[in-house]
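*Asks:* Residue numbers (the working numbering): 525 to 922.
No residue lacks a Cβ here, since even glycine has one placed at the ideal position from N, Cα and C.
First the structure, then my questions, so here it is.
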Ligand SMILES: *Cc1c(COP(=O)(O)O)cnc(C)c1O
């Protein structure tokens, strides 16, 4: 090892995203190397024994440590202002690992209602099997959070802004409530990424990520991460070591390349998201536009306070119902009809019949998922080309 960017303190997250974590090897490589190896060779038996006993640092097996994954962990941890990160095989593995490591049978979790659909299933279908109780509440109604607390409540879990309606939770307020009651606050930060929001600085204990979305940013790999204190991450790493949902070194390398451009990309996603939201707001064919960047949005001031910008995901309600929404979506030519978001390519989807189709009619109503709702993830194409494509959607309605 000849040079350690990781030991230099950087003032700006722009620099952190590009530099942190890489210790150049004897070959002097400029880009981070991919260590595609499952295990590591010990120079002698004593060293092997020391590593296994934990007396000496060093890699043993890539289910729990790998140099390429370590660079990614150090960089995402620095960006989120955490003490340490653990990389996982997917965003769901990040949430699962957090719950398995920090919860036990008999514990109770309070979760915001409109989290990622698979997160809801994880709590409802699997964690309940192991005796963990779950209560879903409105993301923005602090009284519901307060009233749901029982003697067994161990964790608050939320996403802010929510998907696809962009409701905003007050992270500081919820962290105060949580900590007063000895509850951990876990925030899924996929939507904003550390480029726009750092929940740990606002009082959250743990941040989870699906690296699959904006951290990659180009729709190439599935992965996840958990960030927080040294002691929490030790417990989560212990789960990973035993149960195995580890990230692959190649994916870690792709995510590292993603982090290098994260701030730049989020700036562009946000600028274009804002332009599209303003353009949509003025159309007569529309009932509502949900985007935290619009001053008319209920969560705007809160988002302005706790986020650096407003991101690229927005949704809108067309006048009409499912037929009009489908007609609009099927008429666009460039936007990709896919449920993914956070990609360089703009995407369009009908939540009521796809991402939220498993909800009952009543549940959809409760979450505000109407039949006329369309979600957009604004990518990195020229915003005029995006608007031109959306015009095809509107033209199809007449
Ligand atoms: C996609 C997503 C997840 C799950 O991540 P995977 O990488 O697909 O497992 C969790 N939370 C949010 C907010 C997501 O968008």
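1) Put residue 805 into one of helix, strand or coil per three-state DSSP.
2) With a threshold of 7 Å on Cβ separation, who are the neighbours of residue 915 within its own chain once the five nearest residues in sequence on each side are excluded?
3) Under 6 Å Cβ to Cβ from residue 639, same chain only, skipping five residues before and after it: list those, please.
4) Could you pull the DSSP bridge partners for residue 752 from this structure?
5) Over what stretch of residues does the alpha helix (DSSP H) that includes residue 629 continue unbroken?
6) Going by CA-CA distance only, name the one from 590, 537, 692 and 550 that's closest to residue 761.
7) Name the two residues that bound the continuous beta strand (DSSP E) containing residue 677.
8) Identify every residue that forms a DSSP beta bridge with residue 765.
9) Is the beta carbon of residue 605 less than 8 Å from the beta carbon of residue 726?
10) Cβ of residue 778 versus every heavy atom of ligand 1: is any distance shorter than 7 Å?
11) Would you mind listing the beta strand (DSSP E) stretches within the stretch 694 to 763 that are 3+ residues and don't spill past its ends, in chain order?
12) To the nearest angstrom, report how far apart residue 732 and residue 569 are at their CA atoms.
13) Assuming residue 814 is part of the alpha helix (DSSP H), what are its boundary residues?
14) Where do the ends of the alpha helix (DSSP H) carrying residue 517 lie?
15) Under the assumption that residue 785 contacts residue 835 (Cβ atoms under 8 Å), give the Cβ distance between them as a whole number of angstroms.
16) Check whether the Cβ atoms of residue 839 and residue 900 sit closer than 8 Å, and answer yes or no.
17) Could you tell me the distance, in whole angstroms, from the CA atom of residue 646 to the CA atom of residue 573?
18) Going residue by residue through the stretch 820 to 856, where are the continuous alpha helix (DSSP H) segments of at least 4 residues, counting only ones entirely within it?
19) Should the stretch 795 to 812 be regarded as contacting the stretch 618 to 626, the criterion being three or more beta carbon pairs within less than 8 Å?
20) DSSP three-state label for residue 650, please.
21) Comparing alpha-carbon positions, which option in 848, 556 and 586 lies nearest residue 766?
22) My understanding is that residue 743 touches residue 864, with C-beta atoms under 8 Å, so please give their C-beta distance in whole angstroms.
23) How big is the Cα-Cα spacing for residue 527 and residue 595?
24) Relative to ligand 1, is the shortest distance from any of its heavy atoms to the C-beta of residue 631 smaller than 7 Å?
25) Would you mind giving the Cβ-Cβ distance between residue 778 and residue 902, rounded to the nearest angstrom? I have them listed as a contact below 8 Å.
26) Counting pairs of beta carbons, one from the stretch 813 to 824 and one from the stretch 790 to 800, are three or more of them closer than 8 Å?
27) Classify residue 853: buried if its beta carbon has 16 or more other beta carbons within 10 angstroms, exposed otherwise.
28) Indicate, with yes or no, if ligand 1 has a heavy atom lying under 7 Å from the CB of residue 758.
29) Helix or strand or just coil, what does DSSP make of residue 539?
30) Tell me whether residue 622, by its Cβ, gets closer than 7 Å to a heavy atom of ligand 1.
31) In angstroms with no decimal places, state the Cα-to-Cα distance between residue 602 and residue 610.
*Replies:* In brief:
1) In the three-state reduction of the DSSP assignment, residue 805 falls in the helix class, which pools H, G and I.
2) Nothing meets the Cβ criterion.
3) 683
4) 608
5) Per DSSP, residue 629 belongs to no alpha helix (DSSP H) and is neither H nor E.
6) With distances taken between Cα atoms, residue 761 lies closest to 590.
7) If you look at residue 677, you'll find it in the beta strand (DSSP E) that goes 677 to 683.
8) DSSP lists no bridge partner for residue 765.
9) no
10) no
11) Those beta strand (DSSP E) runs which fall completely within the stretch 694 to 763 and span 3+ residues are 708 to 712, 730 to 734 and 748 to 752.
12) 38 Å
13) Residue 814 -> not in any alpha helix (DSSP H); beta strand (DSSP E) instead, spanning 810 to 814.
14) Here the chain has residues from 525 to 922 only, and residue 517 is not among them.
15) Residue 785 to residue 835, Cβ: 15 Å. No contact.
16) yes
17) 39 Å
18) 824 to 830 and 846 to 855
19) no
20) helix
21) 586
22) 6 Å
23) Here residue 527 scores only 46 on pLDDT, less than 50, and its place in the model should not be relied on; the value that follows carries that caveat. Each residue's alpha carbon lies about 14 Å from the other.
24) Because no heavy atom of ligand 1 lies under 7 Å away, the Cβ of residue 631 does not count as near it: no.
25) Wrong, their Cβ atoms sit about 22 Å apart, outside the cutoff.
26) yes
27) buried
28) Set against 7 Å, the gap from the CB of residue 758 to the closest heavy atom of ligand 1 is not smaller.
29) helix
30) no
31) 12 Å
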